[in-house]
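J.: Numbering (the working numbering), first residue to last: 7 to 194.
Okay, structure coming up:
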């Protein structure tokens, strides 16, 4: 026989389970939403500044701009949002953007999960100390000026790339391929 006391105990237990279960799920969604907002800000600002440099001086001006400003801009944006923000890739132009062994596994997983619409999924990794959200960076058309196949990159651009990045691996891409990932790390 169910007593009123046991009924209320079970009722309260279910409420506690639902509340804590919902809160745990919400935190993950909040991290992903925050990471998307941060990376959208990064993409928007970088693309605007890069397009301005391209309009003002072509790749001759844009390549040195990227070399001098992209990592610093990313770091400052991370500081602004109190996260560790990085752009990482398996084919770096700047060696400091190279994937770690663990990040390479995540990169390959995301790359394999590309949808039929050409969309790569985000990936969230949680540890005891942090939550890291990986947001894909697909290749867009204007990227091919500096990141395309050898026949798509102008001779002058190749010369500048060779001078600025003698160990450049960030070429040979096509539109829609996975260029890299934003890594957005939230400390718990």
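Quick reminder that beta carbons are idealized off the backbone N, C-alpha and C, glycines included.
This one's a predicted model, so the numbers in the text were calculated from it and none came from an experiment.
According to DSSP, residue 138 sits in a beta bridge with which residue or residues?
T.: Translated into positions along the chain shown, residue 138 becomes position 132. Residue 138 pairs with 131, 191.
J.: What is the residue span of the beta strand (DSSP E) that residue 99 lies within?
T.: Along the chain shown, read from residue 1 onward, the residue named residue 99 stands at position 93. No beta strand (DSSP E) holds residue 99; DSSP gives it neither H nor E.
J.: Consult DSSP for residue 143 and reduce its assignment to one of helix, strand or coil.
T.: Indexing the chain shown from 1 puts residue 143 at position 137. If DSSP states are grouped into helix, strand and coil, residue 143 belongs with the strands.
J.: If you run the structure through DSSP and keep just helix, strand and coil, what is residue 45?
T.: Against the chain shown, residue 45 aligns to sequence position 39. It is helical.
J.: Pick from 137, 146, 193, 184: whose alpha carbon is nearest that of residue 94?
T.: Position 88 of the chain shown, counting from 1, holds the residue named residue 94. Residue 94 has its Cα closest to that of 184, out of 137, 146, 193, 184.
J.: Can you give me the C-alpha to C-alpha distance between residue 139 and residue 45, rounded to a whole angstrom?
T.: Against the chain shown, residue 139 aligns to sequence position 133. Against the chain shown, residue 45 aligns to sequence position 39. Spanning the two alpha carbons is a distance of roughly 10 Å.
J.: So, are the CB atoms of residue 98 and residue 91 less than 7 Å apart?
T.: Walking along the chain shown from the start, residue 98 turns up at place 92. Walking along the chain shown from the start, residue 91 turns up at place 85. Not closer than 7 Å, so no.
J.: Look up residue 159 in the DSSP assignment and say whether it is helix, strand or coil.
T.: Within the chain shown, the letter at position 153 stands for residue 159. DSSP places residue 159 in coil when its eight states are reduced to three.
J.: On a CA-only basis, which of 129, 73, 126 is nearest residue 102? Give me that one, please.
T.: For this step, residue 102 is matched to residue 96 along the chain shown. Of 129, 73, 126, the residue nearest in Cα terms is 73.
J.: Which partner residues of residue 90 appear in the DSSP bridge assignment?
T.: Counting from 1 along the chain shown, the entry for residue 90 is found at position 84. BP columns for residue 90 point to 191.
J.: Counting C-beta neighbours from all protein chains within 10 Å, is the total for residue 189 16 or more, i.e. buried, or is it exposed?
T.: Within the chain shown, numbered from 1, the residue matching residue 189 stands at position 183. Under this definition residue 189 is a buried residue.
J.: Determine the extent of the alpha helix (DSSP H) in which residue 177 is found, giving its start and end residues.
T.: As a working mapping, residue 177 is identified with position 171 in the chain shown. Segment: none, residue 177 is in no alpha helix (DSSP H) and carries neither H nor E.
J.: How about residue 38 and residue 130: do their beta carbons lie closer than 7 Å?
T.: Position 32 of the chain shown, counted from the start, is the residue given in the question as residue 38. Position 124 of the chain shown, counted from the start, is the residue given in the question as residue 130. Result yes, Cβ atoms of residue 38 and residue 130 sit closer than 7 Å.
J.: Closest to residue 106 by C-alpha separation, out of 71, 187, 193, would be which residue?
T.: The residue you call residue 106 lines up with position 100 of the chain shown. It is 187.
J.: Cβ atoms of residue 56 and residue 68: under 7 Å apart, would you say?
T.: Residue mapping note: residue 68 aligns to position 62 of the chain shown, counting from 1. Residue mapping note: residue 56 aligns to position 50 of the chain shown, counting from 1. Contact: yes.
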